[in-house]
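In mature numbering (1 follows the signal peptide of the UniProt record, and there is no 0), the protein residues as written are -24 to -1, 1 to 126.
Glycine residues also receive a C-beta, built at the ideal position from the N, C-alpha and C atoms.
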């Protein structure tokens, strides 16, 4: 139960910061699938959440959170296991590969990766999300700017 509360907190942090950054809920709709994504500074994680998921809290470190949900006939959605690969970098290049790890929780599946923040620079995220083993990965790309508090 504690793990679930901590992961819910992690998801809440990502969604809250997304709202604070004046972004609408970030997801890509592909047929019956929704690919949700967010990127935040790890400084915004609570110490308990960071410890529970072995994440380092740092002013210079960011976290990408990706989840895939499939629409059901009754209007609800269910979590879908996926593989996520991707990179992040400045608009002029200098790409950094991200290593995603999957966290399974009772009714949620999250794919998490950390990356190095660049102060006051737009960062371009290029992700390949494979949610169906019989289909090609779906590209998910977004740009976000971060400010490092010192």
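Legend entry - With 16 other Cβ atoms within 10 Å as the buried cut-off, status of residue 62: Answer is buried; the Cβ neighbour count reaches 16.
Inset, instruction - Identify the continuous beta strand (DSSP E) that holds residue 97 and give its terminal residues. - result: Taken as a continuous stretch (DSSP letters only), the beta strand (DSSP E) holding residue 97 covers 97 to 106.
Inset, instruction - Rank 51, 93, 58, 68 by C-alpha distance to the C-alpha of residue 103 and give the top, closest one. - result: 58
Inset, instruction - Report back the beta-carbon spacing between residue 46 and residue 9 to the nearest angstrom; my notes put them in contact at under 8 Å. - result: 5 Å
Inset, instruction - Can you say whether residue 17 is buried or exposed, counting buried as having 16 or more other CB atoms within 10 angstroms of its CB? - result: buried
Inset, instruction - Name the residue from 90, 54, 77, 91 whose alpha carbon lies nearest to the alpha carbon of residue 83. - result: Closest by C-alpha distance to residue 83, out of 90, 54, 77, 91, is 54.
Legend entry - Neighbourhood of residue 6 by C-beta distance below 7 Å, restricted to the same chain and skipping five residues each side: 114
Inset, instruction - Assign residue 80 to one of two classes, buried (16 or more other C-beta atoms within 10 Å of its C-beta) or exposed (fewer than that). - result: exposed
Legend entry - Three-state secondary structure assigned by DSSP to residue 30: coil
Legend entry - Backbone CA spacing between residue 33 and residue 23 [nearest angstrom]: 7 Å
Legend entry - Alpha-carbon to alpha-carbon, residue 38 and residue 92: Distance between the alpha carbons of residue 92 and residue 38 is about 6 Å.
Inset, instruction - Compare the Cα-Cα distances from residue 100 to each of 112, 68, 75 and report the closest residue. - result: Of the listed residues, the one whose Cα sits closest to residue 100 is 68.
Legend entry - Under the three-state DSSP convention, the category residue 55 falls into: strand
Inset, instruction - Inspect the beta-carbon positions of residue 117 and residue 88 and report whether they are closer than 7 Å. - result: no
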